[in-house]
Every structure is written in structure tokens, then in C-alpha cells.
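Peer 1: Sequential numbering from 1025 applies to the sequence shown in the numbering used here. Yeah, the Cβ is synthetic: ideal placement off N, Cα and C, and Gly gets one too.
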Amino acid sequence: MNKLGLIVLTAVVAAGVSFGSFKIMEHNLEPVAEQDGKGNVKFISSHAASTSAADYPDFTQAAGTAAQQVVHIKVQLSGQSANSMSQGYQGAPQQSAPVMASGSGVILSQDGYIVTNNHVVEDATDIQVVLTDKRTFQAKLVGRDPNTDLALIKIDVSGLSPVKIGNSDEVQIGQWVLAIGYPFSLNTTVTAGIVSAKERSIGIIGSKRQENDQEENQPAGSAVEAYIQTDAAINPGNSGGALVNANGELVGINAAIASQTGGYEGYGFAIPVNLAQKIVDDLKKFGIVKRGMLGVSFPSPATEDEVLKQRGISPGSIKGVYITGVQEGSAAAAAGLKEGDIIQRIDGNTVNSSVELSERIARHHPDDQIKLSYLRQGKTENANATLKGQPSETLATNTGPSLNEIYNKLGAKFAPLNSQLKQYYQVNAGMVVTAIARGGFFEQIGIAPGSIIVSVNGTQVNSPVELNKAFINAAKGTVRVACITPDGSKTIFNLSLGA
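1) Pull up the CB-CB distance for Ile1177 and Val1166, whole angstroms please, since I reckon it's below 8 Å.
2) Mapping the DSSP letters down to three states, classify Gln1162 as helix, strand or coil.
3) Only counting the same chain, and skipping five residues up and downstream in sequence, which positions put a Cβ closer than 7 Å to that of Asp1193?
4) Just list the residues that DSSP pairs Tyr1398 with in beta bridges.
5) Of all the options Asp1169, Lys1343, Ala1453, Ile1366, which has the alpha carbon lying nearest to the alpha carbon of Pro1488?
6) By the 10 Å Cβ neighbour count, where 16 or more other Cβ atoms means buried, how is Pro1081 classified, buried or exposed?
7) Using only CA atoms, which one of Leu1267, Ser1443, Leu1519, Thr1149 lies nearest to Val1094?
8) Compare the Cα-Cα distances from Lys1308 to each of Pro1323, Ser1397, Val1139 and report the closest residue.
9) Look at the alpha carbon of Ala1326 and the alpha carbon of Gly1290, and state the distance between them as a whole number of angstroms.
10) Using a threshold of 8 Å, state whether the C-beta atoms of Ala1294 and Asn1141 are closer than that.
11) At which residues does the beta strand (DSSP E) containing Ser1378 begin and terminate?
12) Quick check on the DSSP output: the alpha helix (DSSP H) that includes Tyr1251 runs from which residue to which?
13) Which whole-angstrom value is the C-beta distance of Gly1292 and Ala1203, which I expect to be below 8 Å?
14) Enumerate in chain order the residues of its own chain whose CB-to-CB distance from Thr1515 is below 7 Å, with the five nearest sequence positions on each side excluded.
15) With DSSP collapsed to three states, give me the class of Pro1339.
16) Quick one, are the C-beta atoms of Val1144 and Ile1218 less than 8 Å apart?
17) Could you tell me the boundaries of the alpha helix (DSSP H) in which Phe1322 lies?
18) Identify every run of the beta strand (DSSP E) within the region 1133-1210, keeping only runs that are complete inside it and at least 3 residues long; order them along the chain.
19) So, Val1529 versus Ile1131, is the Cβ gap smaller than 8 Å?
20) From Ala1175 to Lys1343, what does the alpha carbon distance come to, in whole angstroms?
21) Cα separation between Phe1438 and Ser1324?
22) Between Gly1464 and Ala1436, how many whole angstroms is the CB-CB distance? I'm expecting something under 8 Å.
23) Name the two residues that bound the continuous beta strand (DSSP E) containing Leu1491.
24) Spatial neighbours of Gln1393 within its chain, please: C-beta separation below 6 Å, excluding the five flanking residues on both sides.
25) Nearest-angstrom Cα distance between Gly1364 and Leu1332?
26) Measuring alpha carbon to alpha carbon, tell me which of Ala1270, Ser1133, Trp1200 ends up nearest Ala1086.
27) By DSSP, does Phe1517 sit in helix, in strand, or in coil?
28) Can you check whether the CB of Glu1223 is closer than 8 Å to the CB of Ser1377?
29) Mapping the DSSP letters down to three states, classify Ala1125 as helix, strand or coil.
30) Using C-beta distances below 6 Å, list every residue in its chain close to Arg1504, excluding the 5 sequence neighbours before and after it, in chain order.
31) Distance check for Pro1170 and Leu1396, CA to CA, integer angstroms please.
32) Got a sec? Which residues, its chain only, sit under 7 Å from Gly1360 by beta carbon, not counting five neighbours each side?
33) Check each candidate in Gln1301, Met1124, Lys1412, Thr1160 and name the one with the smallest Cα separation from Thr1149.
34) Name the two residues that bound the continuous beta strand (DSSP E) containing Phe1438.
35) Measure the beta-carbon distance from Leu1441 to Ile1496 and round it to whole angstroms, keeping in mind my assumption that it falls under 8 Å.
36) Between the beta-carbon of Ala1357 and the beta-carbon of Gly1413, is there less than 8 Å?
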């Protein structure tokens, strides 16, 4: 899996050529659907010819119903946005003029609310929705959340048939599912497969410019990846489409594939509907996502085993999430959690990984109270924690750069400074730079991983929440950053976070 490229699934089209299908054609892979001269979709079975159809469940009713509740989304992008989206496809032509892109969406209400992926609409200058009956509507962006790759749009219509919402917590590995969408701008396409895994973190959110695997500690409540993995065929253009169970109930929003070619290779990923519902409800009510924060840090999935070994702990002996840091003034600190505690349950639900912990917390709002069960020195402890809020990360309108855009511009990732580094550098606060992305501001001025950000505009930063707040407050002005490089040198640099 580490060698596979992780690809968002918007099909970018210019001059009649799909970037997604460019790679498919180049490698002569068999498509899952093809278009005849009349524009109709013909499905191609991926099952062996010797297998009897009687061995498989009948999906006709589920497919027939759910397919009517998935829409085709067409967006216009600036040339710069299109170039960024096409970087995953070698040989794709670079565009300077506005181009069209294509994705999918799922109808949530009779009056025209539709959920899709953030990466489908985030850079759109125009959004069009095409229903299965070919009616086309102008859509407005209600809000979007880069941290979960979800967005909510609205069309002015009534009498639509909304999808029936399932329960992604009840989805089982090996269960049959259908992926429904508009790959390569074809008519509605339905493919079948099974759930291959749950609670997958693949490091794709924000990874256009940043490498996630280099990060040792990550705060609960930032980027949230807890994907349902499926082998149902998913291709570019399926972004925002539906993953439904055999009853036609929505269990996920299709978002990404892992592939060496840009096309389907058996690894598709969908955002669980239980998480998606909380996000879209917030976007509908507030225009932003109100995210509850626990205030703990833990190893990323890619570094967890190594971090535990460094602390003398056998990775196989841990059942739960090992806490590597607790932010001062956080909900976790108020509840009495400490570094070294192992969170095992939230609200009675077993938590086996940092992915599950992040997803469970992400379902909550500020001021929500959660019940925690954790292990401390071999003894089970229980506590109630009242979650705190964080600066708004999701903007309903483009009134200024979001945190996602700010961090992309910086081209860096950060983690809280542990007590050993504070002592070594003789500082009371700071955030350590854990990764530098090519082309970002930090790379351009020579800031290396391991550098310490001590303050922003004269305000000390000691947690992700404080760093986020400092950048949000300075989003439209000049930022003065005090930094200590890995060799101990002190430097101050200025940058503008505006457009």
C-alpha cells in the first residue's frame, strides 16, 4: 500500500480529454464501464466467467433506488486549480485557461441539499448539478470541511428523493456494498464489492503538498481519516458518490483510491456516513464545522510502533491509544489525563487505534461531555471530559484563507514540543516542525524539520489550538514568526498570509 499513489477522484476534463482516463488508456487496463455511441452505460462484470450468478445476492432493487439519489456535479476551475488536480497523472497537459471538472454527490433532502467531497468544489468558480432525469441546476456552496474532505451544496428545487441513511458503525468487513457515481463523466455507474477494512488512515487529506508519514505526534481533531475500504470499482469522477449497503442505505461517501496508475486497482476509500452526517449537519446549521477538541497527542499510524518501542513498550501489548502529550488548558487536562495514559473506550465504545479515537471525537461539538476509560500504570481509570472548541477551520464563503490554505502556503506540519526538547532548547513553549513540503514557504526560506516555532506575532504557541488561533488572527496581515533552528540558532522571519 505504501507504494500506491493516493488519488482523489475528481475527473478533470479539458478539450474532451479526461486526466483520469489518460492513465487508464496508457496502461491498457480493463475499464469497469464503457460508453456506447448512444451515451448509455454498459457494465462489465469483474467476476470469473465460470461463477454462477446465483452465488451472489440480487442488488437490483438497492441499485435502482440509490442510483436515483446520486447526482452528477460539474464544476469550473481556474487554470491553477486544474494544474494542481492533474499532478497525479503523468503526461496530463498543463492548463492555463479555466477548465471543467466532474464529480458526484448524494441527495440528502427533498429541498436540494447534496453532500459531496471538499476537493470536488473547493476551488470551483461555478457548480452545476445534473439529476438522473437530466435536469440541470446551478448550485451554491453551503460550506466545506477540508479536515474530513466533505462539502455541502444546495440547489433550488423541491420534491427530490433523498437517500436513506444507514449506520456505518454496523458495517462489517466482508459485507457487500455498492459504489455509485459518475466516473469519467459517464451516466450513473454502479459497481459491487465488499468492505475490505474499516478505520483506514491513508494520509491523503492535505497531502497535495505535505507528507503525513513523517509526523510523530498528531492532535486529535485535526485531519480526520477513518475510511471504509472497499474493492468495489471506483474511478476518477466517483468523488462524492455513494457507498451503499445491500438494502440501498448510505454507509459512506466515496473519496479516494490507492493506485499506481490513476485508475481502479482494488483499493477504494469512503468516508463513514456517521461522521459525514455530523459534518453536514454543522455546515447546514452554521456554515462551518463546530469541532469538539479533547486536546491530546498520539503517534500517527505510520510511526506508532516505533514511538512505542522508543518508550520501551511492545506495540502488541497496547490495546487502545497511547497518549504522548496533553495540551495545557485542554479538556483532557481538566479530566486528569496525562502523558503515558492509554485511552481504551469513549462513551462505552472500544477504541483500538488513533484513527478510531479521532473519528469518535470528530462526531462531537464543543461543550459535549464524553466518558473516557483509560489505563494508567496497569489500572483502569474513568473520567468525564467536556470538549472544548477551536478556531473555525471551515469557511462557508471565501472571506479569507482557511487554516488548510494557510498551512498549504507554509508547507509545513507541526507537533507539540515535548518536555525533553523544551529543556534542551531552554524554552517554555513551542511547536516543532515535523515535515516540510516542496515549494512551501518554509522550504523557500530554509526552515528545516526539527526547527522550533516559539511565537507568532509575539504570542507564544504551545499547542495546535494556540498555533491555529495565531494564524487565523493574522490571516489577512503580516505574520512575524520567532524560530529556533535545529542547531540552536535563533531567527525571526515575516510572511504575508493573504492572497
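Peer 2: Taking the geometry as given:
1) 6 Å
2) Under the three-state reduction of DSSP, Gln1162 is assigned to strand.
3) Asn1298
4) Ile1367, Glu1405
5) Ala1453
6) Residue burial annotation: Pro1081 is exposed, with fewer than 16 other C-beta atoms found within 10 angstroms of its C-beta.
7) Leu1267
8) Val1139
9) 22 Å
10) no
11) Where Ser1378 is concerned, there is no enclosing beta strand (DSSP E), although the alpha helix (DSSP H) it sits in stretches over 1378-1386.
12) First-last for Tyr1251: 1251-1254, but that is the beta strand (DSSP E), not the alpha helix (DSSP H).
13) 7 Å
14) Cys1507, Thr1509
15) helix
16) no
17) Note, Phe1322: premise wrong, no alpha helix (DSSP H); beta strand (DSSP E) at 1320-1323.
18) Within the region 1133-1210, the complete beta strand (DSSP E) segments at least 3 residues long are 1137-1140, 1148-1154, 1160-1169, 1174-1179, 1200-1205, listed from N- to C-terminus.
19) Missing from the structure shown is residue 1529; the chain here goes from 1025 to 1523 and no further.
20) 34 Å
21) 13 Å
22) 6 Å
23) Segment 1488-1497 is the alpha helix (DSSP H) holding Leu1491; no beta strand (DSSP E) there.
24) So the qualifying residues of the chain are Asn1408, Thr1410.
25) 10 Å
26) Ala1270
27) strand
28) yes
29) strand
30) Excluding sequence neighbours, Arg1504 sits near Asn1481, Asn1518.
31) 27 Å
32) Ala1407
33) It is Met1124.
34) 1436-1440
35) With 8 Å as the limit, Leu1441 and Ile1496 do not qualify as a contact, their Cβ atoms being about 21 Å apart.
36) The answer is no: Cβ separation not under 8 Å.
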